[in-house]
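What follows is a short report on a single structure.
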Amino acid sequence: MKTTRDIVDLILASPIKTVIFVHKEGGWAYSAGTFILLAGDLAITHPEASIGAAQPREIAIDELKETDPKIVEGMASWIKSLALINQRNPEVAEKFVRENLTLTGKEAKELGIIDETAKRLRCNFF
Numbered sequence: 006m007k008t009t010r011d012i013v014d015l016i017l018a019s020p021i022k023t024v025i026f027v028h029k030e031g032g033w034a035y036s037a038g039t040f041i042l043l044a045g046d047l048a049i050t051h052p053e054a055s056i057g058a059a060q061p062r063e064i065a066i067d068e069l070k071e072t073d074p075k076i077v078e079g080m081a082s083w084i085k086s087l088a089l090i091n092q093r094n095p096e097v098a099e100k101f102v103r104e105n106l107t108l109t110g111k112e113a114k115e116l117g118i119i120d121e122t123a124k125r126l127r128c129n130f131f
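Following this line, the structure appears as structure tokens:
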């Protein structure tokens, strides 16, 4: 989580506009990738890429432990705030954490969680 936080903090502090692009049909940004995507000034995915599934997990040797509710609450709040910073749908963002929701790029665009879909990236967005 620290690495994710560090990357998100760098994106948010950047004086340069940031574009986060989930490319390729079948590409994906799950977990930390979803937080990073939502931190960008412009969030773009391939229409057939997938994003979401950001529910925190605690793993011990050979077992999956129940995650502390405090961690889930904190992560849900953080992802909602990232969505709000860039005027994206905070309710959908929260579902990435609470429900492990995943969406295609096309669905994410329709629900207002990303800015655009594209099959390839061109640099004329700003």
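Those letters in the sequence shown? Residues 6 to 131, per the numbering used here, in order. Ideal placement from N, C-alpha and C gives every residue a C-beta, glycine not left out.
Of the residues I21, W83, L126 and K29, the one whose Cα lies closest to the Cα of T39 is W83. Around A48, the same chain offers I25, L42, I119 and D120 as residues with beta carbons nearer than 6 Å, after the five sequence neighbours per side are excluded. When DSSP reads this structure, L106 sits in no beta bridge, so it has no partner.
Per DSSP, S82 is not a residue of any beta strand (DSSP E); the alpha helix (DSSP H) it occupies stretches across P74 to I90. Taking the Cα positions, V102 is about 23 Å away from I66. The C-alpha of A44 is placed about 11 Å away from the C-alpha of K85.
Looking from the CA of N91, the closest CA among G32, M80 and T23 belongs to T23.
S36 sits buried, since 16 or more C-beta atoms from the chains shown fall within 10 Å of its C-beta.
Where L47 is concerned, the enclosing beta strand (DSSP E) starts and stops at L47 to T50.
DSSP links V24 through a beta bridge to L47.
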